[in-house]
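Structure first, commentary second.
Numbering (my numbering), first residue to last: 128 to 201.
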């Protein structure tokens, strides 16, 4: 299992996300994709506020009604 968790209001999530994106750039990636559960409004709103947009479902998320796939160009 993989996930990212931070205390609401701590700005930790934004800092962790920025660090993960920075490492992705260092490793040569030009975009990142992720998935989260549609019912997790806090996560969905967080990613949308931070520049993520819906992308086509990939891998095990293809056809899933509970997962949302989001991505962002770096």
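Yeah, the Cβ is synthetic: ideal placement off N, Cα and C, and Gly gets one too.
When the options are compared against residue i, the one with the closest alpha-carbon
i           : options            : result
residue 158 : 179, 185, 193      : 179
residue 131 : 185, 164, 186, 154 : 164
residue 177 : 140, 135, 155, 153 : 140
residue 135 : 168, 129, 146      : 168
Cβ-based neighbour list, residue i, same chain, cut-off 8 Å, excluding 5 preceding and 5 following
i           : result
residue 182 : 160, 196, 197, 198
residue 148 : 159, 199, 201
residue 190 : 184
Close-in-space but distant-in-sequence residues of the same chain around residue i (CB under 7 Å, 5 per side omitted)
i           : result
residue 152 : 201
Expected contact under 8 Å - CB spacing of residue i and residue j to nearest Å
i           : j           : result
residue 194 : residue 188 : 4 Å
For residue i, the three-state DSSP class (helix, strand or coil)
i           : result
residue 198 : strand
residue 152 : helix
residue 164 : strand
Neighbour-count burial assignment, residue i, 16 or more Cβ in a 10 Å radius
i           : result
residue 156 : exposed
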